[in-house]
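Engineer:
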Amino acid sequence: MSRCWRPQAKTVSSTLDIPGKPWDTPQLATELERWKLDGRDVSLLIGGPEGLSPACKAAAEQSWSLSALTLPHPLVRVLVAESLYRAWSITTNHPYHRE
Numbered sequence: 001m002s003r004c005w006r007p008q009a010k011t012v013s014s015t016l017d018i019p020g021k022p023w024d025t026p027q028l029a030t031e032l033e034r035w036k037l038d039g040r041d042v043s044l045l046i047g048g049p050e051g052l053s054p055a056c057k058a059a060a061e062q063s064w065s066l067s068a069l070t071l072p073h074p075l076v077r078v079l080v081a082e083s084l085y086r087a088w089s090i091t092t093n094h095p096y097h098r099e
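Number 38 in the UniProt record's numbering belongs to position 38 of the sequence shown; there are no gaps in the numbering.
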C-alpha cells in the first residue's frame with residue numbers, strides 16, 4: 001500500500017512528474033507570482049523510484065515536468081532549487097540572460 005501526502009486547505013500542491021506541464025523559467029516565474037498572490041503555502045511532490053501514486057497525482061492541483069527523463073532524487077532537488085532561484089530572480093527584476 002502506498003502512502004500519499006494529503007493536501008492542506010491553504011496549500012498549493014504540484015507534482016513533479018514526466019507527463020506534467022514543461023514550464024520554462026519565465027513561465028515558472030509567473031507561477032511563483034501567482035502562488036505568492038494566492039497567499040498559500042506551496043508543496044512540490046516528488047515521487048519515489050516508482051513515481052507518485054495515482055491518488056497523489058489526483059490530489060495535486062498542478063503537475064510540473066522538469067524533463068522527459070527519469071531523474072535521480074538528489075538531482076531533482078538541485079534542478080528544482082536552481083529553477084526556483086532563476087524564476088525568483090525574474091520576479092525581483094534581476095536581469096535574466098535569456099530574454
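In this text, a Cβ means the ideal position worked out from N, Cα and C, and glycines have one as well. In this text, all values refer to a predicted model and were calculated from it rather than measured experimentally.
(1) CA-CA distance, T57 and S63?
(2) Flag this pair as touching only if the region 81–95 and the region 47–54 have three or more C-beta atom pairs under 8 angstroms; answer yes or no.
(3) Since W35 is in the alpha helix (DSSP H), which residue starts that stretch and which ends it?
(4) For W23, which residues in the same chain have their Cβ closer than 7 angstroms to its Cβ, ignoring the five residues on either side in sequence?
(5) CB-CB under 7 angstroms to L28, same chain, minus the five flanking residues each way: which ones, in chain order?
(6) For the beta strand (DSSP E) that contains S13, what are its first and last residues?
(7) Please classify A9 as buried or exposed, where buried requires at least 16 other C-beta atoms within 10 Å of its C-beta.
(8) Could you work out which residue in R40, L75 and A68 is closest to P19 when comparing CA atoms only?
(9) Report all residues from its chain with a CB closer than 8 angstroms to the CB of W35; omit the five preceding and five following residues, and keep chain order.
(10) If you run the structure through DSSP and keep just helix, strand and coil, what is L44?
Structural biologist: Reading from the atomic positions:
(1) Walking along the sequence shown from the start, residue 57 turns up at place 57. Walking along the sequence shown from the start, residue 63 turns up at place 63. The sequence given here has Lys at residue 57, not Thr. So the two alpha carbons sit approximately 8 angstroms from each other.
(2) no
(3) Locating residue 35 in the sequence shown gives position 35, where the first residue counts as 1. Per DSSP, W35 belongs to the alpha helix (DSSP H) from T25 to D38.
(4) For this step, residue 23 is matched to residue 23 along the sequence shown. These residues qualify, in order along the chain: E31 and W64.
(5) Numbered from 1 along the sequence shown, position 28 holds the residue referred to as residue 28. Excluding sequence neighbours, L28 sits near S83 and A87.
(6) On the sequence shown, position 13 is the one that residue 13 refers to. Looking at the DSSP string, the run of the beta strand (DSSP E) that includes S13 is T11 to K21.
(7) By one-based count along the sequence shown, residue 9 stands at place 9. Under this definition A9 is an exposed residue.
(8) Here the question's residue 19 lines up with position 19 in the sequence shown. That would be A68, whose Cα lies nearest to the Cα of P19.
(9) Looking up residue 35 in the sequence shown gives position 35. Exclusion of the five residues before and after W35 leaves V12 and V42 as the residues of its chain whose Cβ lies within less than 8 angstroms of its Cβ.
(10) The count along the sequence shown starts at 1 and reaches residue 44 at position 44. Residue state, collapsed to three classes: strand.
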